[in-house]
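Undergrad:
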Amino acid sequence: VRYVHAEDYYSDVVRAYQQKSFDVFKRYYRSLDVLLLDDVQFFNGKNRTQEEFFYVFNALSESKKQIVISCDTYPKNISGLEDRLVTRFDWGLTVQIEPPETEMRVAILKKKAEQEQVALDDEGALYIAKHLRSNVRELEGALKKVLAYSAFHGQQ
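Going by the working numbering, the first residue of the sequence shown is number 116, and it counts up by one from there.
(1) Buried or exposed: residue 264, going by 16 or more other Cβ atoms within 10 Å of its Cβ?
(2) Taking all protein chains shown into account, decide if residue 125 is buried (16 or more other Cβ within 10 angstroms of its Cβ) or exposed.
(3) From which residue to which residue does the alpha helix (DSSP H) around residue 133 run?
(4) If residue 193 sits next to residue 156, beta carbons under 8 Å apart, how far is it from one beta carbon to the other, in whole angstroms?
(5) Please give me, in chain order, every unbroken run of the beta strand (DSSP E) with length at least 3 that falls completely inside the stretch 131 to 166.
(6) Could you tell me the boundaries of the beta strand (DSSP E) in which residue 211 lies?
(7) Quick one: what does DSSP say residue 183 is sitting in, helix, strand or coil?
(8) Counting pairs of beta carbons, one from the stretch 157 to 174 and one from the stretch 188 to 206, are three or more of them closer than 8 Å?
(9) Which same chain residues end up closer than 8 Å to residue 188 when comparing Cβ atoms and leaving out the 5 residues on each side of it in sequence?
(10) Could you please give the first and the last residue of the uninterrupted alpha helix (DSSP H) stretch that includes residue 238?
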């Protein structure tokens, strides 16, 4: 099982070419049982990366392996994404994931704060959660800003 952000996958492709280790790259990605690719919209305009992912996708599909892809819009709406990838993505189930409810956003913030080994009280977590509703990444960014501000000003 491998989770990889699209930018990291792109870096893997570039590194494989630079180090002339593309066979290792292909073997690795094609041997996975489950591939989770996050933010595929970052493939926009990266033709070689899209080409390599096309082959990985086909290999995993033919082997009946699982591929989970996320993006911030429907695949057909991603400019610069090759049609052959869009059609492959349409082979599977496409669903829209709604932003988490307030209680879940609070829980996410508390967990992230715990991972950073800092205290975040319920009131602070609720304040952030009520003002940011779009996605988890936005919550993480807000938490980092709050932590940086408090560290800079010597506050908790």
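Built from N, CA and C at the ideal position, the CB exists for glycine as well.
Keep in mind the model is a prediction, meaning the values are calculated, not measured.
TA: Quick look at the numbers:
(1) exposed
(2) buried
(3) 121 to 133
(4) 5 Å
(5) 149 to 153
(6) From DSSP, residue 211 is part of no beta strand (DSSP E); its letter is neither H nor E.
(7) strand
(8) yes
(9) 156
(10) 237 to 246
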